[in-house]
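**Q** Pasting a structure below so you can have a look.
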Amino acid sequence: MPRNIDLFNELVGLVFAQLYDRFPVASNIDRKKIGEAIGLELISSEINKKGQEQVKFVDPVEGLSFERLLLNTTRWLIHEGFIRSERNDAMVSVVLTSKALTALNAMPASLVPQEDERSFGDQLSGLARETATEARRSAITKIVGEVVGHFVRAATSSPA
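Residue numbers for the sequence shown follow my numbering, so the first one is 38 and each next one is one higher.
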C-alpha cells in the first residue's frame, strides 16, 4: 500500500481513538499526540496568541506535511459523515457522529473466538497508547477497514 494510504488509515484510527475517549464532548484534535503516535520527529512546538499549541513535524511523505495530511483526513471524515465539527475548522470542537459511534461500539464479527473481544473503539483507544510499530499500524488499519465497512453496510442496507 502507498505510504500516504497507510498514514491515512493510521490517522483515521488515531482520530477515532481520541474522539471515542472523549465522547460525547466535542474536542480539539491533539495534533502533537497524533504526530508523536505515528513516530514523527517533532521540529518545533510553541503556544500561539490564542493559547493553542502549534506543532511542526518532519514531513511524513516528501512534499506532504503532517498538518496537511491530518487536516485533509479530518475533512474527509467530516465529508463522509464519521465526525462533525461545531466550527468551520475540521480540527476544532470535533465529535463522533452517531453512525461512527455505532460502528466503533460494534464487536468484531468472527466465527472463531478472538483474544480481543473489546469493541473497535476500545481496541483503537488501546492501540493509540502503544508505541508506533508496524504491527500496531497494521492492527489500526484492519480496525479502520472494519469500522468503515460497518458504516458502509449500515448506510446501504435497506430495512426488511
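We put the CB at the ideal spot given by N, CA and C, even for glycine.
Can you check which of these residues, Ala74, Ser64, Glu73, is closest to glutamine 89 by C-alpha distance?
**A** Within the sequence shown, the letter at position 52 stands for residue 89. Selected option, being the one with the closest Cα: Ser64.
**Q** For the region 44-52 against the region 158-171, are there 3 or more C-beta pairs whose distance is under 8 angstroms?
**A** Judged by Cβ distances under 8 angstroms, the region 44-52 makes contact with the region 158-171, as three or more pairs qualify.
**Q** Taking the runs of the beta strand (DSSP E) that are 3 residues or longer, which of them lie wholly in the region 82-164?
**A** Taking only runs of at least 3 residues, the beta strand (DSSP E) segments lying wholly in the region 82-164 are 90-94, 120-122, 131-133.
**Q** Which residue comes first and which comes last in the alpha helix (DSSP H) that contains glycine 76?
**A** Translated into positions along the sequence shown, residue 76 becomes position 39. Per DSSP, glycine 76 belongs to no alpha helix (DSSP H) and is neither H nor E.
**Q** Skipping 5 residues on each side, what residues in its chain have a beta carbon closer than 7 angstroms to that of phenylalanine 94?
**A** One-based indexing of the sequence shown puts residue 94 at position 57. So the list reads Gly72, Leu77, Glu78, Leu79, Ile80, Phe103, once near-sequence residues are dropped.
**Q** With which residues is serine 64 paired in a DSSP beta bridge?
**A** The residue given as residue 64 occupies position 27 in the sequence shown. Answer is Val131.
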